[in-house]
Amino acid sequence: TGEDFSGGDYDDSSSSSSSSRGVALFLGNEVSGVDTEIMPLLDEVVEIPMFGKKNSLNVAACAPVVMYEILRQWGVSSS
Numbered sequence: 000t001g002e003d004f005s006g007g008d009y010d011d012s013s014s015s016s017s018s019s020r021g022v023a024l025f026l027g028n029e030v031s032g033v034d035t036e037i038m039p040l041l042d043e044v045v046e047i048p049m050f051g052k053k054n055s056l057n058v059a060a061c062a063p064v065v066m067y068e069i070l071r072q073w074g075v076s077s078s
């Protein structure tokens, strides 16, 4: 799964990640996103929707959001 911070629009409605397969996250920077040579190798590309004038998050702010959502979809409890 790749997270692209460059402002591209991606459809994540076909999400089919499985916790039994594991996940590798490739987090791109907020200027150029994930390297264009890596993008074709990814099973999925996800985007964090944002509102307002800014259209980027730094990787330190984005990584925990993406990891939280993965764990939420896997049904992992915080207790």
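Take 0 as the starting number for the sequence shown in my numbering and just add one per residue. Quick reminder that beta carbons are idealized off the backbone N, C-alpha and C, glycines included. Being a predicted model, the structure only gives us computed values, none of them experimental.
Taking three-plus beta-carbon pairs below 8 Å as touching, is the segment 55-69 in contact with the segment 26-39? yes
Pick helix, strand or coil for L26, following the three-state DSSP scheme. By 1-based counting over the sequence shown, the position of residue 26 is 27. It is a strand residue.
Please state whether the Cβ-Cβ distance between V44 and V65 is less than 8 Å. To locate residue 44, count along the sequence shown from 1; it is residue 45. To locate residue 65, count along the sequence shown from 1; it is residue 66. Against a cut-off of 8 Å, the Cβ pair of V65 and V44 comes out as no contact.
Continuous alpha helix (DSSP H) stretch holding P63: start and end: On the sequence shown, position 64 is the one that residue 63 refers to. That run of the alpha helix (DSSP H) goes V58 to W73.
Whole-angstrom Cβ separation of I37 and F25, contact assumed at under 8 Å? Within the sequence shown, numbered from 1, the residue matching residue 37 stands at position 38. Within the sequence shown, numbered from 1, the residue matching residue 25 stands at position 26. Yes, they are in contact, since the Cβ atoms of I37 and F25 sit about 6 Å apart, within 8 Å.
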